[in-house]
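Colleague: In order, the protein sequences belong to chains A and B. Residue 28 in UniProt numbering sits at position 28 of the first sequence, with consecutive numbering throughout. Residue 57 in UniProt numbering sits at position 57 of the second sequence, with consecutive numbering throughout.
There are 2 protein chains.
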Amino acid sequence: MNNRNSSVTLRDVAAATGVDVSTISRVLQNKGRVSEETRTRILETAERLGYHGNPVARALKTAKSSTVLMVVPQIENPIFASAIIGAEIEARSRGFALLVSYDKGDGREIISDISRSSIIEGVIIASFDDDDRLRQVLKSTDLPHVVLNRHLSGDENCVAIDTRLAARMGVEHLIAMGHRRIGHLAGRLGRFNGDMRRRGWEEAMAAAGLDHGDDLVAQAGYSPDEVPAAVDKLLAVGVTAIHAATLLTAAAAIARLHERDVRVPEEVSVVTMHDDLLARVVYPQVTTVALPSQEMGRVAARRLIDLIQGVTPDGTQPTGNLLLPPDELIVRASVTAL
Amino acid sequence: MNNRNSSVTLRDVAAATGVDVSTISRVLQNKGRVSEETRTRILETAERLGYHGNPVARALKTAKSSTVLMVVPQIENPIFASAIIGAEIEARSRGFALLVSYDKGDGREIISDISRSSIIEGVIIASFDDDDRLRQVLKSTDLPHVVLNRHLSGDENCVAIDTRLAARMGVEHLIAMGHRRIGHLAGRLGRFNGDMRRRGWEEAMAAAGLDHGDDLVAQAGYSPDEVPAAVDKLLAVGVTAIHAATLLTAAAAIARLHERDVRVPEEVSVVTMHDDLLARVVYPQVTTVALPSQEMGRVAARRLIDLIQGVTPDGTQPTGNLLLPPDELIVRASVTAL
DNA sequence: TCACTATGGACAAACGTTTGCTCAAGCAAT
DNA sequence: ATTGCTTGAGCAAACGTTTGTCCATAGTGA
Numbered sequence: 001m002n003n004r005n006s007s008v009t010l011r012d013v014a015a016a017t018g019v020d021v022s023t024i025s026r027v028l029q030n031k032g033r034v035s036e037e038t039r040t041r042i043l044e045t046a047e048r049l050g051y052h053g054n055p056v057a058r059a060l061k062t063a064k065s066s067t068v069l070m071v072v073p074q075i076e077n078p079i080f081a082s083a084i085i086g087a088e089i090e091a092r093s094r095g096f097a098l099l100v101s102y103d104k105g106d107g108r109e110i111i112s113d114i115s116r117s118s119i120i121e122g123v124i125i126a127s128f129d130d131d132d133r134l135r136q137v138l139k140s141t142d143l144p145h146v147v148l149n150r151h152l153s154g155d156e157n158c159v160a161i162d163t164r165l166a167a168r169m170g171v172e173h174l175i176a177m178g179h180r181r182i183g184h185l186a187g188r189l190g191r192f193n194g195d196m197r198r199r200g201w202e203e204a205m206a207a208a209g210l211d212h213g214d215d216l217v218a219q220a221g222y223s224p225d226e227v228p229a230a231v232d233k234l235l236a237v238g239v240t241a242i243h244a245a246t247l248l249t250a251a252a253a254i255a256r257l258h259e260r261d262v263r264v265p266e267e268v269s270v271v272t273m274h275d276d277l278l279a280r281v282v283y284p285q286v287t288t289v290a291l292p293s294q295e296m297g298r299v300a301a302r303r304l305i306d307l308i309q310g311v312t313p314d315g316t317q318p319t320g321n322l323l324l325p326p327d328e329l330i331v332r333a334s335v336t337a338l
Numbered sequence: 001m002n003n004r005n006s007s008v009t010l011r012d013v014a015a016a017t018g019v020d021v022s023t024i025s026r027v028l029q030n031k032g033r034v035s036e037e038t039r040t041r042i043l044e045t046a047e048r049l050g051y052h053g054n055p056v057a058r059a060l061k062t063a064k065s066s067t068v069l070m071v072v073p074q075i076e077n078p079i080f081a082s083a084i085i086g087a088e089i090e091a092r093s094r095g096f097a098l099l100v101s102y103d104k105g106d107g108r109e110i111i112s113d114i115s116r117s118s119i120i121e122g123v124i125i126a127s128f129d130d131d132d133r134l135r136q137v138l139k140s141t142d143l144p145h146v147v148l149n150r151h152l153s154g155d156e157n158c159v160a161i162d163t164r165l166a167a168r169m170g171v172e173h174l175i176a177m178g179h180r181r182i183g184h185l186a187g188r189l190g191r192f193n194g195d196m197r198r199r200g201w202e203e204a205m206a207a208a209g210l211d212h213g214d215d216l217v218a219q220a221g222y223s224p225d226e227v228p229a230a231v232d233k234l235l236a237v238g239v240t241a242i243h244a245a246t247l248l249t250a251a252a253a254i255a256r257l258h259e260r261d262v263r264v265p266e267e268v269s270v271v272t273m274h275d276d277l278l279a280r281v282v283y284p285q286v287t288t289v290a291l292p293s294q295e296m297g298r299v300a301a302r303r304l305i306d307l308i309q310g311v312t313p314d315g316t317q318p319t320g321n322l323l324l325p326p327d328e329l330i331v332r333a334s335v336t337a338l
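This is the structure we're talking about:
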């Protein structure tokens, strides 16, 4: 019907070279035996005609679409934004296209929805923070998949960042700077990353022989709203430093400290993890452990495509969860020595 | 080869109903005349068998893939992140899938790249801030397209937000609060949005009979790095308020003011546009004109799909650039009355 | 009753590939 | 000289749809 420009087909090349389409196809795939002479002739005409193949036809024939889907919860979270970029870069470099779908988390069956309207070979799932629901979704499809940004017990294909280690690094920095009473402004406890970060804080505190009781942790989730109360709670127990679960809550904590006329970092230091522009536009600029969020997306895509293709580049079947180490601590102005 | 579960085909339904595949196809499309009896019988078996059609086969036959591509520069910019979501929501509701591709801006031919590996019916372009390059890219393909986040002279399918009006609204608020000497912390002048915002500031100032000379505008681009110097420049000419081009530069400006021991908003008020979490985690929380960034993505997708389908829902051929009005001014703490 | 038109549905071609099979040469071995 | 193997390439089927064409059957008017 509405033929796009790119409508030079195998048949056209065949006609132009006086050779059968099947031969062309084989040459283009480097499959089967073809004389050197015909091969170059074909390659030349294909090039000259601007032949590029029809991905849809190929997909129909081979049942491989070279397309993967990434389902994200709220893309606004900068960590997912970078993860998408990372995934897209990796996917593209492997000849795959990346479909992105937004999951409002309202229980819609995104995946079957999508795989109904478009053929995908696999899916990267970053949404569904309800483990049970995620398992259920995963079970409802037999698509290759990888779970992003957390580890799901019972699943072998999860890619996450070692936020426990990142937390430890941040807290250890605080300790090295002489802090002894360090509060943990927790994310969502009970969730993978929330728990990991708390454990990291705990480990660092324990290793230094410091108090890490419950009164030193205040949960604030991931939105700014609960931060003020949590900060107040920490202030009440006399912390000299706060380890915030996320950059956003760190910023909110700093804002609260200003509000309470507590000077940062002179009276209270703040450290967190994840580095982006935000860390440089709050005052004082925040000391933070950079996280490989783009790399996480890249690795997830790599694993997914390995899974789809059945092997890793080195020939072995990929398996096991991945935990990416954090990048380094970036020292800015929100922490001071005691 | 590797048949996914969803392999119940038209033929299967045909076999189960004892009717030809063509009839099934017509029933499923509501095309052609089919007796009520066969129709329901077909519908039932299709349902029972879980038939959902093969999008690839359909795409091959009809030359319509129901897939569009969105090319983004840096997705980290929250405005693009929301735009992607908006576009995805609209696309999905119209039965389209959204492919996302990241353009590092290194001159790679993303579009031909992608349309080579996957068939797309149209593209939303948010990258290429070089107008000439964009025009060239657009010319190199005859795909339906819409340009996002700016207007490109000579193109009829651009969707942007009226940042000029947003700027005016912000500045007018400042004026209403009694400010007279208001500096403009500009984005990138020479670019669509940078110019628009400056004009908005100018218009508001002019309308109030206030000074809007060049010494009152300081360019800072969109990254925090150039902000301190620009703020210093504005401080030097004695402004009591700053209108920042973006939320990020507003935050950076506030940070600089703190650094210079200038109290916000008591000594200098700050207003900007775009609302997201960031506006609530800096101290003081920033007064800002909310921008319909998700809506922009939605509208872009709508226009693109209208273009692809040749008509708008009401039957007329879509045409003309779109300029979305800003949402409302959100009053927070960064502005005070003089 | 006969020709004629709706109606409902079957047939088959086509979309652009991939791939198993077949087959003609060419060549070496018997 | 006949057989047998290798090499190169063509033939045709298939992937799962959509759609133009054709053909029965039934219903209409005369």
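We put the beta carbon where it would ideally sit given N, CA and C, even for glycine. Please read all numbers here as calculations on a predicted model, not as lab measurements.
(1) Using the rule of at least 16 other Cβ atoms within 10 Å of the residue's Cβ for burial, across every protein chain shown, is residue 11/A buried or exposed?
(2) Identify, in the order they occur along the chain, each residue of the same chain with its Cβ nearer than 8 Å to the Cβ of residue 163/B, setting aside the five sequence neighbours on each side.
(3) Using beta-carbon positions only, say whether residue 144/A and residue 117/B come within less than 8 Å of one another.
(4) Could you name the residues of chain B that residue 392/A contacts, counting a contact when the two beta carbons are closer than 7 Å?
(5) Taking residue 329/B and residue 178/B to be in contact with their CB atoms under 8 Å, please state how far apart those CB atoms are, rounded to whole angstroms.
(6) For the stretch 255-269 of chain B, enumerate the residues whose C-beta is nearer than 9 Å to any C-beta of chain A, in chain order.
(7) Could you tell me the distance, in whole angstroms, from the CA atom of residue 269/B to the CA atom of residue 282/B?
(8) Which one of 335/B, 336/B, 39/B, 320/B has the shortest CA to CA distance from residue 160/B?
(9) What is the C-beta distance between residue 304/B and residue 68/B, in whole angstroms, given that I count them as a contact (C-beta under 8 Å)?
(10) Taking C-beta pairs closer than 8 Å, name the residues in chain B that residue 88/A reaches, listed in chain order.
(11) Which residues bound the alpha helix (DSSP H) around residue 169/B?
(12) Listing by chain order, which chain A residues have their CB less than 7 Å from the CB of residue 280/B?
(13) I want to see whether chain A comes within less than 8 Å of residue 300/B, judged by CB atoms only; does it?
(14) Just grab the DSSP bridge partners of residue 102/B for me.
(15) One question on the structure: do residue 72/A and residue 84/A come within less than 8 Å of each other, judged by their Cβ atoms?
(16) Between which two residues does the beta strand (DSSP E) holding residue 119/A run?
(17) For the stretch 192-270 of chain A, which segments carrying the beta strand (DSSP E) assignment without a break, of at least 3 residues, lie completely within its bounds, in sequence order?
(18) Please classify residue 243/A as buried or exposed, where buried requires at least 16 other C-beta atoms within 10 Å of its C-beta.
(19) Taking C-beta pairs closer than 7 Å, name the residues in chain A that residue 243/B reaches, listed in chain order.
(20) Could you check what DSSP says for residue 27/B in three-state terms: helix, strand or coil?
(21) Nearest by alpha-carbon distance to residue 51/A: which of 58/A, 57/A, 43/A is it?
(22) Roughly how many angstroms separate the alpha carbons of residue 185/A and residue 152/B, rounded to a whole number?
(23) Is residue 150/A buried or exposed, if buried means 16 or more other CB atoms sit within 10 Å of its CB?
(24) Whose C-beta lies closer than 6 Å to the C-beta of residue 172/B among residues of the same chain, with five residues either side of it excluded?
(25) Measure the C-alpha to C-alpha separation of residue 182/B and residue 146/B and round it to an integer number of angstroms.
(26) How many angstroms separate the CA atom of residue 123/A from the CA atom of residue 130/A?
(27) If you count every other CB in all the chains shown that lies within 10 Å of the CB of residue 30/A, and 16 or more means buried, which is it?
(28) So residue 297/B and residue 87/B are supposed to be a Cβ contact under 8 Å. How far apart are they, rounded?
(29) Within 10 angstroms of the Cβ of residue 36/A, are there 16 or more other Cβ atoms? Answer buried if so, exposed if not.
(30) Can you tell me the Cβ-Cβ gap for residue 262/B and residue 234/B, rounded? I've got them flagged as a contact below 8 Å.
(31) Less than 8 Å separating the beta-carbons of residue 293/B and residue 82/B?
(32) Within 10 angstroms of its Cβ, does residue 237/A collect 16 or more other Cβ (buried), or is it exposed?
(33) Let me know if residue 27/A comes out buried or exposed under the rule of 16 or more other beta-carbons within 10 Å of its beta-carbon.
(34) I think residue 105/B touches residue 127/B, with their Cβ atoms under 8 Å apart; what is that distance to the nearest whole Å?
(35) Count the other CB atoms within 10 Å of the CB of residue 339/A; is the residue buried (16 or more) or exposed (fewer)?
(36) Under 8 Å between the Cβ atoms of residue 406/A and residue 187/A?
Modeller: On the basis of the supplied data:
(1) Numbered from 1 along the first sequence, position 11 holds the residue referred to as residue 11/A. Exposed, since its Cβ has fewer than 16 Cβ neighbours within 10 Å.
(2) As a first step, residue 163/B is located in the second sequence; it is residue number 163 there, counting from the start. If we look at residue 163/B and ignore the five residues flanking it on each side, its Cβ neighbours are 193, 196, 197, 200, 273, 291, 326.
(3) As a position in the first sequence, residue 144/A is number 144, starting the count at 1. As a position in the second sequence, residue 117/B is number 117, starting the count at 1. Cβ distance not < 8 Å, so residue 144/A and residue 117/B don't count as in contact.
(4) As displayed, chain A neither begins before 1 nor continues past 338, which places residue 392/A out of reach and without an answer.
(5) Your numbering for residue 329/B matches position 329 in the second sequence. Your numbering for residue 178/B matches position 178 in the second sequence. That belief does not hold up - the Cβ atoms of residue 329/B and residue 178/B are roughly 16 Å apart, past 8 Å.
(6) 255, 256, 257, 258, 259
(7) Position 269 of the second sequence holds residue 269/B. Position 282 of the second sequence holds residue 282/B. Rounded to whole angstroms, residue 269/B to residue 282/B spans 14 Å at the Cα level.
(8) One-based indexing of the second sequence puts residue 160/B at position 160. It is 320/B.
(9) Stepping through the second sequence from its first residue, residue 304/B is reached at position 304. Stepping through the second sequence from its first residue, residue 68/B is reached at position 68. Indeed they touch by this definition, with Cβ atoms about 6 Å apart.
(10) As a position in the first sequence, residue 88/A is number 88, starting the count at 1. Within chain B, the residues near residue 88/A are 100, 101, 102.
(11) By one-based count along the second sequence, residue 169/B stands at place 169. Counting along the chain, the alpha helix (DSSP H) containing residue 169/B begins and ends at 163-176.
(12) Taking the second sequence and counting its residues from 1, the one referred to as residue 280/B is at position 280. Neighbours of residue 280/B on chain A, chain order: 224.
(13) For this step, residue 300/B is matched to residue 300 along the second sequence. Not an interface residue.
(14) For the purposes of this step, residue 102/B is taken as residue 102 along the second sequence, with counting starting at 1. Partner(s): 72/B.
(15) As a working note, residue 72/A is residue 72 in the first sequence. As a working note, residue 84/A is residue 84 in the first sequence. Yes, Cβ-Cβ distance for residue 72/A and residue 84/A is below 8 Å.
(16) The residue given as residue 119/A occupies position 119 in the first sequence. From DSSP, residue 119/A is part of no beta strand (DSSP E); its letter is neither H nor E.
(17) 217-219, 241-244
(18) Mapped onto the first sequence, residue 243/A falls at position 243. Buried, since its Cβ has 16 or more Cβ neighbours within 10 Å.
(19) Residue mapping note: residue 243/B aligns to position 243 of the second sequence, counting from 1. Neighbours of residue 243/B on chain A: none; closest Cβ ~17 Å, over 7 Å.
(20) The residue given as residue 27/B occupies position 27 in the second sequence. Helix.
(21) Counting from 1 along the first sequence, the entry for residue 51/A is found at position 51. Of 58/A, 57/A, 43/A, the residue nearest in Cα terms is 43/A.
(22) Here residue 185/A refers to the residue found at position 185 of the first sequence. Here residue 152/B refers to the residue found at position 152 of the second sequence. Answer to the nearest angstrom: the Cα atoms are 46 Å apart.
(23) The sequence position of residue 150/A within the first sequence is 150, counting from 1. Classification for residue 150/A: buried.
(24) Here residue 172/B refers to the residue found at position 172 of the second sequence. Cβ neighbours of residue 172/B beyond the five flanking positions: 204.
(25) As a working note, residue 182/B is residue 182 in the second sequence. As a working note, residue 146/B is residue 146 in the second sequence. Spanning the two alpha carbons is a distance of roughly 36 Å.
(26) In the first sequence, counting from the first residue as 1, residue 123/A sits at position 123. In the first sequence, counting from the first residue as 1, residue 130/A sits at position 130. When rounded, the distance between both Cα atoms is 17 Å.
(27) Residue mapping note: residue 30/A aligns to position 30 of the first sequence, counting from 1. It is exposed - the Cβ of residue 30/A has fewer than 16 other Cβ atoms within 10 Å.
(28) Along the second sequence, read from residue 1 onward, the residue named residue 297/B stands at position 297. Along the second sequence, read from residue 1 onward, the residue named residue 87/B stands at position 87. About 4 Å separates the two Cβ atoms, so the contact holds.
(29) In the first sequence, the residue the question calls residue 36/A occupies position 36. Label assigned to residue 36/A: exposed.
(30) In the second sequence, residue 262/B corresponds to position 262, counting from 1. In the second sequence, residue 234/B corresponds to position 234, counting from 1. Not quite, the Cβ-Cβ distance comes to about 11 Å (not below 8 Å), so this is no contact.
(31) Within the second sequence, numbered from 1, the residue matching residue 293/B stands at position 293. Within the second sequence, numbered from 1, the residue matching residue 82/B stands at position 82. Yes, Cβ-Cβ distance for residue 293/B and residue 82/B is below 8 Å.
(32) Position 237 of the first sequence, counted from the first residue, corresponds to residue 237/A. By the neighbour-count rule (16 or more Cβ atoms within 10 Å), residue 237/A is not buried but exposed.
(33) Working through the first sequence from its first residue, we reach residue 27/A at position 27. Residue 27/A should be labelled buried.
(34) Indexing the second sequence from 1 puts residue 105/B at position 105. Indexing the second sequence from 1 puts residue 127/B at position 127. The Cβ separation is near 6 Å, so the contact holds.
(35) The requested residue 339/A is not part of the displayed model; chain A covers only 1 to 338.
(36) For chain A, the structure presents residues 1 to 338; residue 406/A sits outside this window and is missing.
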